[in-house]
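Residue numbers (the working numbering): 17 to 383.
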Ligand code: SF4
């Protein structure tokens, strides 16, 4: 491994410090950041607004790392799954989902996951490690580089719903979001176009509010007993009552809504009584509910409810004036809850399915 300083590992203050060490004028910091995040450059010698001598000096002591896709899998519906190898040869997955005007990238925040949701493939991997800020933002840069190479359109939305629980890696996620949203030198996404999905780390929701991004809470159950079966670790630390209190006091900006995600599992949480309880739990919160019919994977032990049951569940919520949308099957197995990604030794790769044609099935990542 090179001993050169990787500029991706520095935050903006770190870049300023480096510029000071080189005794360069301060505006150079913004120039460097601009090249890295807006121009997505990885070759220091191509920074044409630096003199040749300065480029050579910087290239002697620094480099710009990038994530390289090990594989890219395309599906007929246009969804793409990128597998990136990290420096330590662990791998993460990033998914790109096209939908009408939108092109959404779904980012991973951990290798594996801290939590153990019973219906999630990532949870079965355990936590291998947290991603660093530059590895989170690096997924966006790498995907956008690939899209530009193929002259595809630009990413429009970002969701942190891939592998991992973002709030269990909060410092790195906060720094990544700063780099994603800075409009002076960063990638420049509006926070409105970024959604962070959590399994319910209630005490950290305020930090999401400070970031100004949208919040999605993966609920999936309407009683503590049920949630402890489906999401044991998170419900032990943050029982339903505590989570719902944190959601009720979440400082929503005007014209924004909270999103609740609810994976529908046959015979577990899909009855009319479940739907009524869900309506009661969320009543009075400015929110919408994304219903995600479970996508089965080998050995999951859960089944997907029939379309009839899914529609009946939605109808109950509708009667209680709760906006509930059924996610299209497009990429649902890789967007479901906050990250049904990953493979286990000996497991089969995830199978992508054709989109549902049923009218009324809406975009999985609508805001
Ligand atoms: S659903 Fe999300 S929080 Fe739960 S185990 Fe999977 S990745 Fe982790």
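Don't be surprised by glycine CBs; every beta carbon is placed ideally from N, CA and C. Since the model is a prediction, treat every value here as computed from it, not as a measurement.
### Query
Regarding residue 129 and the ligand SF4, is the C-beta to nearest heavy atom distance less than 6 Å?
Yes, Cβ of residue 129 sits closer than 6 Å to a heavy atom of the ligand SF4.
### Query
Hey, is the stretch 27-45 in contact with the stretch 118-137, meaning 3+ C-beta pairs nearer than 8 Å?
No: the two stretches stay apart, fewer than three of their Cβ pairs being nearer than 8 Å.
#### Entry: For residue 238 and residue 324, the rounded distance between their alpha carbons
Rounded to the nearest angstrom, the two C-alpha atoms are 21 Å apart.
### Query
What three-state label does DSSP hand residue 318 in the structure shown?
Residue 318 carries a coil assignment under DSSP once its states are collapsed to helix, strand and coil.
### Query
Where does residue 29 sit, in a helix, a strand or coil, going by DSSP?
The answer is helix: DSSP assigns residue 29 an H, G or I state.
### Query
Alpha carbon to alpha carbon, what distance is there between residue 229 and residue 352?
Reliability fails at residue 352, whose pLDDT of 36 lies under 50, so the model's placement of it is uncertain and the value that follows must be treated cautiously. Across the structure, residue 352 and residue 229 are spaced so that their CA atoms are roughly 19 Å apart.
#### Entry: the ligand SF4 heavy atom lying under 6 Å from the CB of residue 315
Because no heavy atom of the ligand SF4 lies under 6 Å away, the Cβ of residue 315 does not count as near it: no.
### Task
For residue 106, count neighbouring Cβ atoms within 10 angstroms of its own Cβ and tell me buried if that reaches 16, exposed if not.
Under the 10 Å beta carbon count, residue 106 is surrounded by fewer than 16 other beta carbons and is classified as exposed.
### Query
Which two residues bound the contiguous beta strand (DSSP E) that contains residue 212?
Residues 210-214.
### Query
Hey, out of 50, 158, 70, whose CA is closest to residue 98's CA?
Selected option, being the one with the closest Cα: 158.
### Query
Are the Cβ atoms of residue 130 and residue 173 separated by less than 7 Å?
The answer is no: Cβ separation not under 7 Å.
### Query
So does the stretch 298-316 actually touch the stretch 273-287, counting three or more Cβ pairs closer than 8 Å?
Taking one beta carbon from each stretch, the stretch 298-316 and the stretch 273-287 have 3 or more pairs nearer than 8 Å; the two touch.
### Message
I'd like to confirm something about residue 188: is its beta-carbon nearer than 6 Å to some heavy atom of the ligand SF4, or not?
### Response
Outside the cutoff, so no.
#### Entry: Assigned exposure category for residue 23 - 16 Cβ within 10 Å defines buried
Residue 23 comes out buried.
### Query
If you pair each beta-carbon of the stretch 197-212 with each one of the stretch 245-256, do three or more pairs fall below 8 Å?
Judged by Cβ distances under 8 Å, the stretch 197-212 makes no contact with the stretch 245-256, as fewer than three pairs qualify.
### Task
From the DSSP output, read off the bridge partner residues of residue 277.
Bridge partners of residue 277: 234, 306.
#### Entry: Among 264, 331, 156, 254, the one whose alpha carbon lies nearest that of residue 286
Closest by alpha carbon: 331.
### Cross-strand partners of residue 97 (DSSP beta bridge)
In the DSSP output, where bridge partners are listed per residue, residue 97 has 89, 111.
### Query
CB-CB under 6 Å to residue 295, same chain, minus the five flanking residues each way: which ones, in chain order?
In the same chain as residue 295, and ignoring 5 residues on each side of it, the C-beta atoms closer than 6 Å to its own belong to 333, 336, 338, in chain order.
### Query
Near residue 185, what residues of its chain come up, given a Cβ to Cβ distance below 7 Å and the 5 sequence neighbours on each side ignored?
Excluding its 5 nearest sequence neighbours in each direction, residue 185 has C-beta neighbours in its own chain below 7 Å: 125, 126, 146, 147, listed in chain order.
### Nearest neighbour of residue 297, chosen from 318, 322, 263, 267 [CA to CA]
Minimum Cα distance to residue 297 is reached at 263.
### Task
Return the residue from the list 67, 312, 300 that minimises the CA-CA distance to residue 268.
Distance check between residue 268 and each of 67, 312, 300 places 300 closest, using alpha-carbon atoms only.
### Query
Hey, is residue 172 close to the ligand SF4, as in C-beta under 6 Å from one of its heavy atoms?
No.
### Query
Candidates 215, 92, 329, 49: which alpha carbon is nearest residue 256's?
Measuring from the Cα of residue 256, the nearest candidate turns out to be 215.
### Query
In or out: residue 43 buried (at least 16 other Cβ within 10 Å) or exposed?
By the Cβ-count criterion, residue 43 is exposed, with fewer than 16 other Cβ atoms from all chains shown falling within 10 Å of its own Cβ.
### Message
What does the Cβ neighbour count give for residue 181, buried or exposed, with the cut at 16 atoms within 10 Å?
### Response
Buried is the label assigned to residue 181, since at least 16 other Cβ atoms lie within 10 Å of its Cβ.
### Candidates 19, 272, 48, of which the one nearest residue 27 by Cα
The shortest C-alpha to C-alpha distance from residue 27 to any of 19, 272, 48 is the one to 48.
### Query
Residues in its own chain within less than 6 Å of residue 207 by CB, not counting five upstream and five downstream?
Result list for residue 207: 197, 228, 229, in chain order.
### Query
For the ligand SF4, any of its heavy atoms closer than 6 Å to the Cβ of residue 138?
Checking the Cβ of residue 138 against the ligand SF4 gives yes.
#### Entry: Status (buried if at least 16 other CB within 10 Å, exposed otherwise) for residue 270
By the 16-neighbour rule on beta-carbons within 10 angstroms, residue 270 is exposed.
### Query
Taking Cβ positions, are residue 314 and residue 326 nearer each other than 7 Å?
Contact flag unset, no.
### Query
Which runs of the alpha helix (DSSP H) spanning at least 4 residues fall entirely within the stretch 153-188, listed in chain order?
Secondary structure within the stretch 153-188: not one fully enclosed alpha helix (DSSP H) run of 4 or more consecutive residues is present.
### Task
Please determine, among 210, 318, 292, 143, the residue with the shortest C-alpha to C-alpha distance to residue 118.
For residue 118, the closest C-alpha among the options 210, 318, 292, 143 is that of 210.
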